[in-house]
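What follows is one structure encoded as structure tokens, with my remarks underneath.
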Amino acid sequence: MYVAKVPISDKHPRSIVGVSWWFSPQPASKSVSWSVWAQDWLLSFRQFLFNVRFGGRGGLNLHRYNMWKEMQRKTHDVVWTDPRGYYFCNVLAVSSEMRGMGLGRKLVEVVTQQADRDGMPCYLESSKGVPNIIIYEKLGFNLVTEIDCVDGNDACKVSWSVLLVG
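Per full-length UniProt numbering, the very first residue in the sequence shown carries number 1; after that it's consecutive.
Printed below as a string of structure tokens:
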């Protein structure tokens, strides 16, 4: 995880102004790490508690989440062709007052440059097409595919873009 900070001031009431969270490459043949398994279990446990507390209206719709994860897995099976794995950008966020100053680029390039040295590809997913896809393409990522997750006739439609560099 990489964190961008500035001194606290009237202009910046919080010191953290950006963050990027990357997973290191994991070979496809390797089983899920303990930390990933634990986070999945923790998410499920917290969701159970929320559902008990709020009578089934605890936020995350588990049916949709599981549907999404299955579609994501199928997409990964097609898109992830490198058996060595990928550097995966899980989170990239820059505070609104710091956007347009190159901070996001620095938070991405710290890893993509390492990936270049290692000869490894990078991967990210975006739930927001505009302006994110354009920004990621400027950083060297290429749109590979898009995932549409539709839950029957319900109003829930999630579009997701998958991008690769390397």
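Glycine included, each C-beta is placed from N, C-alpha and C at the ideal position. Computed from a prediction, not measured in an experiment: that's the story for all the values here.
**Item:** Three CB pairs or more closer than 8 Å across the stretch 124 to 135 and the stretch 40 to 59
**Value:** Flag = no, the stretch 124 to 135 and the stretch 40 to 59 do not touch.
**Asked** Should residue 87 and residue 34 be called a contact, given that it needs their Cβ atoms to be closer than 8 Å?
**Response** Cβ distance not < 8 Å, so residue 87 and residue 34 don't count as in contact.
**Message:** Do residue 122 and residue 111 count as a contact pair if the criterion is CB distance below 8 Å?
**Reply:** yes
**Three-state secondary structure (DSSP) of residue 66** = Residue 66 sits in a helix when the DSSP states are folded into three classes.
**Prompt:** DSSP three-state call for residue 74: helix, strand or coil?
**Reply:** helix
**Prompt:** Which residue's Cα is closest to the Cα of residue 89: 14, 5, 162, 129?
**Reply:** 162
**Message:** Restricting to runs no shorter than 3 residues, where is the beta strand (DSSP E) found entirely within the stretch 15 to 46?
**Reply:** 16 to 23
**Asked** When we look at the beta-carbon of residue 93 and count the other beta-carbons within 10 Å, is it buried (16 or more) or exposed?
**Response** exposed
**Request:** Could you check if residue 54 is buried or exposed, using at least 16 other CB atoms within 10 Å of its CB as the buried criterion?
**Result:** exposed
**Item:** 7 Å CB neighbourhood of residue 37 in its chain, flanking five on each side removed
**Value:** none
**Request:** Enumerate in chain order the residues of its own chain whose CB-to-CB distance from residue 70 is below 8 Å, with the five nearest sequence positions on each side excluded.
**Result:** Contacts found: none.
**Asked** Would you call residue 104 buried or exposed, if buried means 16 or more other Cβ atoms sit within 10 Å of its Cβ?
**Response** buried
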